[in-house]
Amino acid sequence: GLGGTNTAPNPVELFLASLGGCVILTYRGYAKKFEINIEDLAVNLEGDMIPGGWVDEQGRERRGFKQIRYEVQIKTEAPKEKVRKLHNLIEEKCPITDVINYGTEAKGELNFI
């Protein structure tokens, strides 16, 4: 194996956690602009990973998540329509959602030390 005790999150779990954290922070930031007081806020996340990978619609071999879903649970006295507008804005403004939905290219380089 890779070592360790399997008690810490793996990189894929950390990726989901970064999405959840980003959604929460973005909600908190924009709620003030919408004059929405949030009493409680949580994000539940899940994703589908296909063991061994999968082929997308363009015929590319893929690894990682095929789909990620999240559910926002919010407690507020604000009108539901106002909160829905906030939610739609969050989906546009969250940087991690942007990376996921618009395929930001990741490039690595190798340096010998």
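This note's numbering numbers the first residue of the sequence shown as 279 and each following residue consecutively.
Ideal Cβ placement from N, Cα and C applies to all residues, glycine included.
- The shortest CA-to-CA distance from I314 to any of V361, E349 and G299 is the one to V361.
- Per DSSP, the unbroken alpha helix (DSSP H) holding F293 starts and ends at P289 to K311.
- Apart from the 5 residues on each side of it in sequence, A320 sits with its Cβ closer than 7 Å to the Cβ of Q351 in its chain, given in chain order.
- Here the C-alpha atom of F390 lies approximately 30 Å from the C-alpha atom of G331.
- Residue state for R340 is assigned as strand, using DSSP reduced to three classes.
- Inter-segment contact for the stretch 331 to 342 and the stretch 295 to 303 is absent: fewer than three beta-carbon pairs are separated by less than 8 Å.
- The beta-bridge partner set that DSSP reports for N284 is empty.
- Boundaries cannot be given for N389, as no alpha helix (DSSP H) includes it and DSSP labels it neither H nor E.
- Checking the DSSP bridge columns, you'll see D326 partnered with Q345.
- When the five nearest sequence neighbours on each side are left out, the beta carbons in the same chain lying within less than 6 Å of the beta carbon of A356 are those of I314, in order along the chain.
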